[in-house]
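Asker:
Residue numbers (the working numbering): 53 to 509.
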């Protein structure tokens, strides 16, 4: 076989896949915003109105003309006539003229003529119709102006933005109850092995319960994909082939765990070769755990043969399948035209970075671009990274990228990462880990106290 256990680096393996794969955009769908958490916006969202639609108070107190309070103090308060009260959800009945004020609640509409609000804590009632203002306010103080949050015609969200609770709240604020989102990629998941039984069954001699179907399905869901589980296939060529063909018919990505090595009953590589072309692209990657991983393309769709050991399967899923999900999303986002407008990306090729859009936040001094593609992809598929000191030395072999699970602890105000070592067949290693560090391919190990980047699970 042309690629039979020809070991590549992780970077080479990813590049081989991308160069051989003609990616097709995922398309879009419309869903209620109540179901849109974590989804990726497919089209930019422009506000049809000002938010708020009126000048509103941010405090309980009195709506005033700011100039009427200038010079006010506890010793010499400004004396204003109370002309009424602004009730929540109602328009003010009278304008505020010179020397006048109106009681107002938080969120109340500012009366005509008023340009600021005085907090009730800085006032004192002289009588039913007179209030003493004991502190001056500047124009606009304690007031949110019409359109200050979002103005009519403003791009509220760019295409490609991950919808968190905050974005969903912004959509509700402008009356948008449906979201145009990128469709989630479908991933078919197959476990293989004569020794594998369903979790609800008691394992017989030499048998173990199926772990990978469930952990990989959860990983796919967490990465923004839609998993389909196709059950367990024994270590027979035709049985595995039938499952893979079902996966190709129902999903855009197929993940097979087990049977990826070079043993007599490891049939996955033969199945994928026969289902090509091009078939197997990569068999063997210079990483631990996960060396015998398979990357193939069959019927225009990527297929991953992951090792059967749970730690190896989850590690290689994180390295290769999550990368593929990210690439699919990247190729499905609209790309800007020469005028800065977004157009659909029909080519399936990677698109350039989104340019920063001027918005109210930038005018207020917030210069980081919340709509950048790197931020989008980080939010969608990349976990957090923290820096910690290595709790104890670890060794590694040059020419191999080691993924080491670690547990975090804080001691004397410093964060430490302690390696959680064990065999790749032990799921408890992952349970007891907070994240992982990567020992680079040309490194012979890391010493105690070395600053490391921990990728949080």
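Ideal Cβ placement from N, Cα and C applies to all residues, glycine included.
Please report the straight-line C-alpha distance between residue 141 and residue 166, rounded to a whole angstrom.
Answerer: Answer to the nearest angstrom: the Cα atoms are 18 Å apart.
Asker: Entirely within the region 325–398 and at least 3 residues each: give me those beta strand (DSSP E) ranges in chain order.
Answerer: Complete beta strand (DSSP E) runs here, min 3: 330–335, 346–350 and 353–358.
Asker: So is residue 282 buried or exposed if we call it buried at 16+ other beta carbons inside 10 Å?
Answerer: Buried, by the Cβ-count rule.
Asker: If you drop the 5 nearest sequence neighbours on each side, which residues of the same chain put their C-beta closer than 8 Å to that of residue 362?
Answerer: So the qualifying residues of the chain are 263, 264, 267, 476, 477, 478, 479 and 482.
Asker: Would you mind working out which of 307, 358, 132 and 338 sits nearest residue 179, comparing C-alpha positions?
Answerer: Comparing Cα-Cα distances from residue 179 to each of 307, 358, 132 and 338, the minimum goes to 132.
Asker: Kindly indicate which three-state DSSP category residue 468 falls into: helix, strand or coil?
Answerer: Here residue 468 sits in strand by DSSP.
Asker: Would you report the Cα separation of residue 238 and residue 280, rounded to the nearest angstrom?
Answerer: Each residue's alpha carbon lies about 7 Å from the other.
Asker: With distances taken Cα to Cα, identify the nearest neighbour of residue 383 among 235, 202 and 116.
Answerer: Considering only alpha carbons, the answer is 235.
Asker: What first and last residue would you give for the beta strand (DSSP E) that runs through residue 114?
Answerer: Residue 114 -> beta strand (DSSP E) spans 113–116.
Asker: Classify residue 168 as buried or exposed, calling it buried when 16 or more other Cβ atoms lie within 10 Å of its own Cβ.
Answerer: Buried, since its Cβ has 16 or more Cβ neighbours within 10 Å.
Asker: Less than 8 Å between the CB atoms is what I'm expecting for residue 209 and residue 97, so what's the real figure, rounded?
Answerer: Indeed they touch by this definition, with Cβ atoms about 4 Å apart.
Asker: Would a C-beta distance cut-off of 8 Å place residue 225 and residue 202 closer than the cut-off?
Answerer: Contact: yes.
Asker: For residue 372 and residue 286, I'd like the C-alpha separation in whole angstroms.
Answerer: When rounded, the distance between both Cα atoms is 24 Å.
Asker: For residue 450 and residue 346, I'd like the C-alpha separation in whole angstroms.
Answerer: Residue 450 and residue 346: Cα-Cα distance of roughly 22 Å.
Asker: State yes or no: is the C-beta of residue 355 within less than 8 Å of the C-beta of residue 306?
Answerer: Yes, Cβ-Cβ distance for residue 355 and residue 306 is below 8 Å.
Asker: Would residue 386 be called buried (16 or more neighbouring beta carbons within 10 Å of its own) or exposed?
Answerer: Its Cβ being crowded by 16 or more others within 10 Å, residue 386 is buried.
Asker: Is the number of C-beta pairs between the region 170–190 and the region 110–125 that are closer than 8 Å three or more?
Answerer: Verdict: yes, contact present.
Asker: So that I know if they touch, is there some Cβ in chain B lying closer than 8 Å to that of residue 457?
Answerer: Going by chain labels, chain B is absent from the structure shown, which holds only one protein chain.
Asker: DSSP on residue 300, reduced to helix/strand/coil?
Answerer: If DSSP states are grouped into helix, strand and coil, residue 300 belongs with the helices.
Asker: Give a yes or no on whether the C-beta atoms belonging to residue 506 and residue 498 are separated by under 8 Å.
Answerer: It is not a contact, given that the beta carbons lie outside the stated cut-off.
Asker: Jot down the residue ranges of each uninterrupted beta strand (DSSP E) in the region 147–184, minimum 3 residues, whole runs only, in chain order.
Answerer: Within the region 147–184, the complete beta strand (DSSP E) runs of at least 3 residues are 152–156, 168–171 and 175–179.
Asker: Report the rounded CA-to-CA distance for residue 147 versus residue 126, giving the unit in angstroms.
Answerer: Whole-angstrom Cα-Cα distance: 27 Å.
Asker: Are the CB atoms of residue 300 and residue 353 nearer to each other than 8 Å?
Answerer: Closer than 8 Å, so yes.
Asker: Terminal residues of the continuous alpha helix (DSSP H) containing residue 283?
Answerer: Run containing residue 283: none in the alpha helix (DSSP H); it sits in the beta strand (DSSP E), 278–285.
Asker: Among 314, 182, 452 and 487, whose alpha-carbon lies nearest the alpha-carbon of residue 62?
Answerer: Minimum Cα distance to residue 62 is reached at 452.
Asker: Which residue marks the beginning of the alpha helix (DSSP H) containing residue 273, and which one marks its end?
Answerer: First-last of the alpha helix (DSSP H) with residue 273: 264–274.
Asker: One question on the structure: do residue 485 and residue 459 come within less than 8 Å of each other, judged by their Cβ atoms?
Answerer: Yes; because the gap between Cβ atoms is below 8 Å, this pair is in contact.
Asker: Does the distance from the C-beta atom of residue 121 to that of residue 170 stay below 8 Å?
Answerer: Yes; because the gap between Cβ atoms is below 8 Å, this pair is in contact.
Asker: Mind reading off the beta-carbon distance from residue 198 to residue 107? Whole number of angstroms is fine, and I expect it under 8 Å.
Answerer: Residue 198 to residue 107, Cβ: 5 Å. Contact.
Asker: Pop quiz: residue 94 and residue 74 are said to be a contact at Cβ under 8 Å. What is the actual Cβ separation, rounded to whole angstroms?
Answerer: Not confirmed; about 21 Å, so no contact.
Asker: What three-state label does DSSP hand residue 221 in the structure shown?
Answerer: In the structure shown, residue 221 sits in a helix (DSSP, three-state: H, G or I).
Asker: Which residue from 71, 88 and 464 puts its Cα closest to that of residue 221?
Answerer: Closest option to residue 221, Cα to Cα, is 88.
Asker: Which residue wins for smallest C-alpha separation from residue 200, given the options 105, 82 and 124?
Answerer: Among 105, 82 and 124, the Cα nearest to that of residue 200 belongs to 105.
Asker: Can you list, in chain order, the residues of its chain with a C-beta nearer than 7 Å to that of residue 162? Leave out the 5 residues immediately preceding and following it.
Answerer: For residue 162, where only same-chain residues beyond five positions count, the Cβ hits under 7 Å are 107, 108, 109, 115 and 195.
Asker: Of all the options 375, 312 and 365, which has the alpha carbon lying nearest to the alpha carbon of residue 344?
Answerer: For residue 344, the nearest C-alpha among the options comes from 312.
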